[in-house]
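Participant: In this text, residue positions in the sequence shown follow the numbering used here: the first is 3, and each later residue adds one.
No residue lacks a Cβ here, since even glycine has one placed at the ideal position from N, Cα and C.
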Amino acid sequence: MRLITLGLAFLLLLIQYPLWLGKGGWLRVKDFEMQVDAAHKKNAELLARNAKLDSEVRDLKDGTGAVEERARYELSMIKQNEIFIQIVGKGQAAALAPLAPKPAEPTTP
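1. If you follow the alpha helix (DSSP H) that residue 57 is in, where does it begin and where does it stop?
2. How would you write the range of the alpha helix (DSSP H) that residue 88 sits in, first residue to last?
3. Where does the unbroken alpha helix (DSSP H) through residue 76 begin, and where does it stop?
4. Could you tell me the distance, in whole angstroms, from the CA atom of residue 35 to the CA atom of residue 21?
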């Protein structure tokens, strides 16, 4: 009787092996689910980035407001008869803004 019990226990373990460690086992399925979740998260981030870029491209094509905003922010450009004021917080180095060119002095012979 003991031999039959050991044989059945061995068969039970043999049947359980593919369920846990086999090609379609629970551990492998769990790993694939984690990979799919990571891919979904990355796709969502890329979709958000693409939407932002698409919006920016449409703004640049359609109007001058986006171009003006970029020129002001990135190049510190100002319109004629405007005054540029830069407030620097504590611990920040003052970035030198490009100054408007001085008018040429007339030359006298």
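Facilitator: On the basis of the coordinates in this document:
1. Translated into the one-based positions of the sequence shown, residue 57 becomes position 55. Looking at the DSSP string, the run of the alpha helix (DSSP H) that includes residue 57 is 28-64.
2. Within the sequence shown, numbered from 1, the residue matching residue 88 stands at position 86. First-last for residue 88: undefined, no H or E at that position.
3. For the purposes of this step, residue 76 is taken as residue 74 along the sequence shown, with counting starting at 1. Unbroken alpha helix (DSSP H) run through residue 76: 67-77.
4. Taking the first residue of the sequence shown as position 1, residue 35 is located at position 33. Taking the first residue of the sequence shown as position 1, residue 21 is located at position 19. Their Cα atoms are separated by approximately 16 Å.
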